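The structure appears below as structure tokens.
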Amino acid sequence: MTRLLLVGGGHSHVQVLLGLAARRAADLQVTVVSRDILTPYSGMLPGVVAGHYEPADALIDLAPLCEAAGAELLQAEVDRLDPAAGTAGTGDGRSWGYDLVSINCGSAPGLGPIPSATEIGVAVKPISGFLSRWEHLLAHLRERRGDTFRLVVVGAGAGGVEMALALNYRLREREACRGLQVSLIDAAESILPGHDPGLARRLDAILARQGVDFRGGTRIAEALSDGLIMDTGDIIAADEVLWVTDAGAQPWPGEAGLAVDRRGFIRVDAGLRSLSHPNVFATGDIVSFAPEALPKAGVYAVRQGPLLADNLLRAAAGRPLRDYRPQRHYLVLISTGNRYAVAARGRWTAEGAWAWRWKDWIDRRFIRRFRRH
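All you need for the numbering used here is the position in the sequence shown, starting with 1, plus 13.
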């Protein structure tokens, strides 16, 4: 009997569970250890914030997936690994043995360099933590509906742009917050660094039309309870700060001796196997894909899932692994708060209500796949 341990219930592992349900292996004992039993789908988070979905609409229940796959489900957050002993565990002393382990527990907020950042504001990742605070945050904003309220979103990647626009729409249009001021800030000179300039230009225009102020080219030196001090000495006043910064690595994989890159992400080969430990697999935001650097985008975790399921079964049977070959270009759909979105693939860009309907269809179809069990 091969003991397979799945750490985390991320976008790849929910698909691994579907794969295991379809290909039950009698000689495989599967255990899932996840911080969340209801695991959030990141693609629908801006729609939740904008008010187009209920929070429950964006959650995947691991329990029926595990039942269908014949897996044991345990709620806990793994924060240590002992590859020599073949165990994973938590800070309270619980541990689980494995012959094969796969890690898909997401990233941590990249707030380390900013003093006081972990005590100030709300981090959007992990998403489950944000969702648990969202209703409280919304109630706080509603209390200030008639007052000036300065909301600052830190991070102008795709997630930060979507979050700023979703919050701006929800609070201005649906909550009638008259004194709202939404700012988006980033150390980069422009929004969406790493994306095609045409996509950035479209979203720049939308931010301006909707009254969201973008400030780029300066770094945060310190976070305070009433604002942010920039490295230029300027102070950006803030009544609330949302952190949508670049993904940061969790410390425990590196502490366990796994091969990690300079930022602490687990280095994996084309088969999604650890470069240092052949019985360790990893996927999603927590990995550094050794064949070529990949952006921290949910699309990769989604597309790695089916191959990971196959490779875990292959590894358990001692068979050769398949290679993951990432797409050079993938479809980007960025919602803009209202039922409108910008679409891009390579250098092609377009926008409209039809793009939001396309994104809505894709997201709902993804969620439905995991609600048939």
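Here a beta-carbon is modelled for each residue, glycine too, at the ideal position from N, C-alpha and C.
Only a predicted model underlies this, so the values are computations on that prediction, with no experimental measurement involved.
>> Buried or exposed for His342, going by 16 or more other Cβ atoms inside 10 Å?
In response: Here residue 342 refers to the residue found at position 329 when the sequence shown is read from its first residue. Label assigned to His342: exposed.
> Counting Cβ pairs closer than 8 Å, one from the segment 28–45 and one from the segment 309–328, do we hit at least three?
Replying inline: Yes, the segment 28–45 is in contact with the segment 309–328.
> What are the complete beta strand (DSSP E) segments, minimum 3 residues, inside the segment 121–207?
Replying inline: For the segment 121–207, whole beta strand (DSSP E) runs of length 3 or above, ordered along the chain, are 161–167, 192–199.
> Excluding sequence positions up to five away, which residues of its chain have a Cβ less than 6 Å from the Cβ of Gln263?
Replying inline: The residue labelled residue 263 in the question sits at position 250 within the sequence shown. Counting only Cβ-Cβ distances below 6 Å, and skipping sequence neighbours, we find Ala121.
>> Suppose the cutoff is 8 Å on Cβ atoms and the five residues either side in sequence are ignored; what does the same chain contact list for Asp239 look like?
In response: As a working mapping, residue 239 is identified with position 226 in the sequence shown. Hits under 8 Å: Ala250, Ala251, Asp252.
> Secondary structure at Ser238, three-state DSSP: helix, strand or coil?
Replying inline: Taking the sequence shown and counting its residues from 1, one reaches residue 238 at position 225. Coil at Ser238, not helix or strand.
> Going by Cα to Cα distance, which pick from Ile198, Asp92, Glu67, Glu188 is closest to Trp265?
Replying inline: Within the sequence shown, numbered from 1, the residue matching residue 265 stands at position 252. That would be Asp92, whose Cα lies nearest to the Cα of Trp265.
> Which residue from Ser287, Arg316, Gly311 puts its Cα closest to that of Ala303?
Replying inline: Residue numbering aside, residue 303 sits at position 290 when the sequence shown is read from its first letter. When C-alpha distances from Ala303 are compared across Ser287, Arg316, Gly311, the shortest belongs to Ser287.
> Mapping DSSP to helix, strand and coil, what is Val91?
Replying inline: Along the sequence shown, read from residue 1 onward, the residue named residue 91 stands at position 78. Of the three classes helix, strand and coil, the one that applies to Val91 here is coil, per DSSP.
>> For His153, count the other beta carbons within 10 Å of its own beta carbon; 16 or more makes it buried, fewer makes it exposed. Which is it?
In response: In the sequence shown, residue 153 corresponds to position 140, counting from 1. By the neighbour-count rule (16 or more Cβ atoms within 10 Å), His153 is not buried but exposed.
> Does the Cβ-Cβ distance between Thr362 and Arg215 come in under 7 Å?
Replying inline: Residue 362 sits at position 349 when you count from the first residue of the sequence shown. Residue 215 sits at position 202 when you count from the first residue of the sequence shown. Arg215 is positioned such that its CB atom lies closer than 7 Å to that of Thr362.
> Taking all protein chains shown into account, do 16 or more other C-beta atoms lie within 10 angstroms of the C-beta of Pro6, making it buried, or fewer, making it exposed?
Replying inline: Because the chain is modelled from 14 through 386, residue 6 falls outside the range shown and cannot be assessed.
> What is the residue span of the beta strand (DSSP E) that Glu80 lies within?
Replying inline: What you label residue 80 is simply residue 67 of the sequence shown in a count that begins at 1. Here Glu80 belongs to no beta strand (DSSP E); instead the alpha helix (DSSP H) covers 75–82.
>> Suppose the cutoff is 7 Å on Cβ atoms and the five residues either side in sequence are ignored; what does the same chain contact list for Met176 look like?
In response: Here residue 176 corresponds to residue number 163 of the sequence shown, with the count starting at 1. Only Pro59, Val62, Val137, Val166, Leu255, Val257 meet the Cβ criterion.
>> Report the CB separation of Arg48 from Ser108 in whole angstroms; it is logged as a contact under 8 Å.
In response: For this step, residue 48 is matched to residue 35 along the sequence shown. For this step, residue 108 is matched to residue 95 along the sequence shown. Contact between Arg48 and Ser108 fails: their C-beta atoms lie close to 16 Å from each other, not under 8 Å.
> Which runs of the alpha helix (DSSP H) spanning at least 4 residues fall entirely within the segment 264–323, listed in chain order?
Replying inline: Taking only runs of at least 4 residues, the alpha helix (DSSP H) segments lying wholly in the segment 264–323 are 265–268.
> Would you report the Cα separation of His386 and Asp70, rounded to the nearest angstrom?
Replying inline: Looking up residue 386 in the sequence shown gives position 373. Looking up residue 70 in the sequence shown gives position 57. Reliability of the predicted coordinates at His386 is poor, the pLDDT of 49 falling under 50, and no value is obtained from them.
> In whole angstroms, what is the alpha-carbon distance linking Gln88 and Asp376?
Replying inline: If you number the sequence shown from 1, residue 88 lands on position 75. If you number the sequence shown from 1, residue 376 lands on position 363. Cα to Cα, the separation comes out at about 26 Å.
> Among Arg155, Gly192, Glu202, Ile219, which residue has its Cα nearest to the Cα of Val174?
Replying inline: Along the sequence shown, read from residue 1 onward, the residue named residue 174 stands at position 161. With distances taken between Cα atoms, Val174 lies closest to Ile219.
>> Using a Cβ-Cβ cutoff of less than 6 Å, which residues in the same chain neighbour Gly21 once the five nearest sequence positions on both sides are dropped?
In response: Start at 1 with the first residue of the sequence shown, and residue 21 comes out as number 8. Shown here for Gly21: same chain residues with a beta carbon closer than 6 Å to its own, the five before and five after excluded, namely Ser47, Asn117, Cys118 in chain order.
>> Which residue marks the beginning of the alpha helix (DSSP H) containing Arg378, and which one marks its end?
In response: Sequence index remark: in the sequence shown, residue 378 carries index 365 (1-based). Boundaries of the alpha helix (DSSP H) harbouring Arg378: 366–381, taken from the DSSP string.
>> Please tell me whether Asp86 and Val45 are closer than 7 Å, where the distance is taken between their beta carbons.
In response: For this step, residue 86 is matched to residue 73 along the sequence shown. For this step, residue 45 is matched to residue 32 along the sequence shown. It is Leu, not Asp, that sits at residue 86 in the sequence shown. With respect to Val45, Leu86 sits close: the two C-beta atoms are nearer than 7 Å.
> So which of Asp274, Gly172, Ala295 has the shortest CA-CA distance to Ala283?
Replying inline: Residue numbering aside, residue 283 sits at position 270 when the sequence shown is read from its first letter. Closest option to Ala283, judged by alpha-carbon separation, among Asp274, Gly172, Ala295: Ala295.
> What three-state label does DSSP hand Val62 in the structure shown?
Replying inline: Numbered from its first residue, the sequence shown carries residue 62 at position 49. Val62: helix per DSSP, three-state reduction.
>> If distances are taken between C-alpha atoms only, which option among Arg352, Ala329, Arg378 comes closest to Gln42?
In response: As a working mapping, residue 42 is identified with position 29 in the sequence shown. The candidate whose alpha carbon is nearest that of Gln42 is Ala329.
> When you compare each of Gly331, Leu241, Tyr313 to Leu344 by their alpha carbons, which one comes out closest?
Replying inline: Indexing the sequence shown from 1 puts residue 344 at position 331. Cα-wise, what sits closest to Leu344 is Tyr313.
> Apart from the five residues just before and just after Tyr353, which ones in its own chain have a Cβ nearer than 6 Å to its Cβ?
Replying inline: For the purposes of this step, residue 353 is identified with residue 340 of the sequence shown, where counting begins at 1. Hits under 6 Å: Ala366, Trp369.
> Going by DSSP, which residues form a beta bridge with Asp226?
Replying inline: Residue 226 sits at position 213 when you count from the first residue of the sequence shown. BP columns for Asp226 point to Ser196.
> So the alpha helix (DSSP H) Val45 belongs to, where does it begin and stop?
Replying inline: For the purposes of this step, residue 45 is taken as the residue at position 32 of the sequence shown. Careful: Val45 lies outside any alpha helix (DSSP H), inside the beta strand (DSSP E) at 41–47.
> At what residues does the beta strand (DSSP E) containing Gly102 begin and finish?
Replying inline: In the sequence shown, residue 102 corresponds to position 89, counting from 1. Where Gly102 is concerned, the enclosing beta strand (DSSP E) stretches over 100–102.
> Going by alpha carbons, who is nearest to Pro126 out of Phe143, Cys79, Tyr182, Gly261?
Replying inline: Within the sequence shown, the letter at position 113 stands for residue 126. Minimum Cα distance to Pro126 is reached at Gly261.
>> Could you pull the DSSP bridge partners for Ser115 from this structure?
In response: Translated into the one-based positions of the sequence shown, residue 115 becomes position 102. According to DSSP, residue pairing for Ser115 in a beta bridge involves Leu19, Phe294.
> Does the Cβ-Cβ distance between Tyr66 and Ile380 come in under 7 Å?
Replying inline: Taking the sequence shown and counting its residues from 1, one reaches residue 66 at position 53. Taking the sequence shown and counting its residues from 1, one reaches residue 380 at position 367. No, the pair does not count as a contact, with Cβ atoms beyond the cut-off.
> Which whole-angstrom value describes the C-beta separation of Ala234 and Met243, a residue pair presumed to lie in contact below a C-beta threshold of 8 Å?
Replying inline: In the sequence shown, the residue the question calls residue 234 occupies position 221. In the sequence shown, the residue the question calls residue 243 occupies position 230. Sure, about 6 Å apart at Cβ, within 8 Å.
> Just the Cα atoms here: how many angstroms apart are Ser289 and Val273?
Replying inline: As a first step, residue 289 must be located in the sequence shown, where it is residue number 276. As a first step, residue 273 must be located in the sequence shown, where it is residue number 260. Rounded to whole angstroms, Ser289 to Val273 spans 9 Å at the Cα level.
> Which first and last residues belong to the alpha helix (DSSP H) in which Gly32 is found?
Replying inline: The residue labelled residue 32 in the question sits at position 19 within the sequence shown. Taken as a continuous stretch (DSSP letters only), the alpha helix (DSSP H) holding Gly32 covers 24–35.
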